[in-house]
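Protein chains in written order, with full-length UniProt numbering: chain A, 1 to 221; chain B, 1 to 221. The structure appears below as structure tokens.
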């Protein structure tokens, strides 16, 4: 019995490590994609796009490991919920990486970046979202539902940021019709960051579920 | 043993039924959201938004049922992979519903809808994406990796549609700067549909995994 418990603990520690690695890569992708966007650094953008494959591989590794643990250890109760949460969370973190990759792919569709005031607002918004990703994975590692809730509440700030940037970009478009195509890219970037916040919120709900057995009820999904 | 096998079959049939129900709701949400968008039917849009809660509930039901099956039946090999796929697929279908809900929420932000040519292109794009959702869940129910691959290949058409609508909307913006704010909503709608296609592709990859034990390798995720 002790042997099985120890083996399970090792497995779950391994899975947590893989998810932490995914989270670190996703955070890095967000910040580097936005940095490349602002500076127009196409080389950095390429790196972000290339590195995204690692997230796909890690997701597949988490899934394979989770299936192995389920098959070999038949975990129960809290342990089972944690494996289920890991399976779902790996999928969402992979999606978060996709959003960052998508931002990186837009770098070369933006012209005259020095005249775009909204461009300067995006990194701060991205930082907020990247912090949510960081903190929600810390909450997962610590099985901390209170921290998870706190991440969910922070999503409002990202949404407010998004609304403000949306208005700013639309005004810019109205005043500079020639830049509309480039400015539309910024709308999508802001939207991608907003979705990253949503996905971090989604993970926070799963962490809450994993830690308590319930989804947080009173927060709109 | 026979008893256990039969009980497992009943459980997996139940889970498949729940996922089929989720898929049906997601398809309906896509087509009704686009119909409401084109006609400006706010009542229908409200229904789409309200009905989305049902998808959240069904996802939680799939998760609870999957956890129960894992705990009670300790399935192996193919059966285990199918439960794992169900857990991941329920999360993605819930997300697809969110995109449809998001489209429905934009209805009242569009002014002068009768003059928007791009508006008339969106339902056809939505239909393509809704068909992908339908077919990928049929592939899941039938454990059919070939059908899953076929869905993955169809995503290119949705992407091409998106590119064409993007250009169309941007031209419209350039020619009619006063409509930029409304037209930006259409860009997001097109983007949401494009993401629905991506998510259907994501599900198709999981169906492939569930049916064969491998993710399809040669298709970019």
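Quick reminder that beta carbons are idealized off the backbone N, C-alpha and C, glycines included.
Residue nearest to residue i in terms of C-alpha spacing, selected from the options
| i | options | result |
| --- | --- | --- |
| residue 54/B | 83/B, 214/B, 18/B, 81/B | 18/B |
| residue 114/A | 9/A, 6/A, 14/A, 37/A | 37/A |
| residue 200/B | 11/B, 13/B, 30/B | 30/B |
| residue 208/B | 119/B, 163/B, 150/B | 150/B |
| residue 129/B | 10/B, 203/B, 197/B, 8/B | 197/B |
| residue 15/A | 119/A, 157/A, 87/A, 174/A | 87/A |
| residue 194/B | 92/A, 139/A, 102/A, 23/A | 102/A |
| residue 163/B | 210/B, 112/B, 189/B | 189/B |
| residue 139/A | 60/A, 68/A, 202/A | 202/A |
| residue 119/B | 175/B, 192/B, 214/B, 39/B | 39/B |
| residue 158/A | 192/A, 146/A, 111/A, 168/A | 192/A |
| residue 69/B | 167/B, 214/B, 8/B | 8/B |
Cα-Cα separation, residue i to residue j
| i | j | result |
| --- | --- | --- |
| residue 74/B | residue 46/B | 42 Å |
| residue 134/B | residue 25/B | 10 Å |
| residue 109/A | residue 182/A | 6 Å |
| residue 5/B | residue 41/B | 49 Å |
| residue 222/A | residue 212/A | With chain A covering only 1 through 221, there is no way to say anything about residue 222/A. |
| residue 165/A | residue 64/A | 40 Å |
| residue 216/B | residue 148/B | 10 Å |
| residue 62/A | residue 52/A | 16 Å |
| residue 127/A | residue 71/B | 40 Å |
| residue 80/B | residue 57/A | 20 Å |
| residue 77/B | residue 210/B | 10 Å |
| residue 116/A | residue 179/A | 9 Å |
| residue 204/A | residue 176/B | 42 Å |
| residue 96/A | residue 145/B | 26 Å |
| residue 156/B | residue 10/A | 42 Å |
| residue 104/B | residue 104/A | 29 Å |
| residue 224/B | residue 214/B | This structure cannot settle anything about residue 224/B, because the visible part of chain B is limited to 1 through 221. |
| residue 98/A | residue 98/B | 17 Å |
| residue 168/B | residue 167/A | 22 Å |
Contact with chain B by residue i, beta-carbon distance below 8 Å
| i | result |
| --- | --- |
| residue 145/A | no |
| residue 81/A | yes |
| residue 210/A | no |
| residue 180/A | yes |
| residue 216/A | no |
| residue 76/A | yes |
| residue 88/A | yes |
| residue 60/A | yes |
| residue 173/A | yes |
| residue 84/A | yes |
Minimum Cβ-Cβ distance from residue i to chain A less than 8 Å
| i | result |
| --- | --- |
| residue 91/B | yes |
| residue 189/B | no |
| residue 66/B | yes |
| residue 46/B | no |
| residue 170/B | yes |
| residue 221/B | Legend: pLDDT at residue 221/B = 42, less than 50; position of this residue unreliable, no value from coordinates given. |
| residue 164/B | no |
| residue 63/B | yes |
| residue 118/B | no |
| residue 157/B | no |
| residue 71/B | yes |
| residue 125/B | no |
| residue 105/B | no |
| residue 5/B | no |
| residue 184/B | yes |
| residue 160/B | no |
8 Å Cβ cutoff met for residue i and residue j
| i | j | result |
| --- | --- | --- |
| residue 66/B | residue 84/A | yes |
| residue 154/A | residue 132/A | yes |
| residue 34/A | residue 122/A | yes |
| residue 20/B | residue 141/B | yes |
| residue 27/B | residue 48/B | no |
| residue 262/A | residue 44/B | Only positions 1 to 221 of chain A appear in this structure, which leaves residue 262/A out of reach. |
| residue 89/A | residue 206/A | yes |
| residue 222/B | residue 173/A | Because chain B spans 1 through 221 in this model, residue 222/B falls outside it and cannot be assessed. |
| residue 184/B | residue 170/A | yes |
| residue 152/B | residue 82/B | no |
| residue 59/B | residue 91/B | yes |
Check: residue i C-beta below 7 Å from any heavy atom of the ligand FAD
| i | result |
| --- | --- |
| residue 129/A | Within the structure as shown, the ligand FAD is missing, as the structure has no ligands at all. |
**Q.** Contained alpha helix (DSSP H) runs [length at least 4] in the UniProt domain "PhoU" (19–107) of chain A, N- to C-terminal order
**A.** 42–73, 77–105
Q: Would you mind listing the alpha helix (DSSP H) stretches within the UniProt domain "PhoU" (124–207) of chain B that are 4+ residues and don't spill past its ends, in chain order?
A: 145–175
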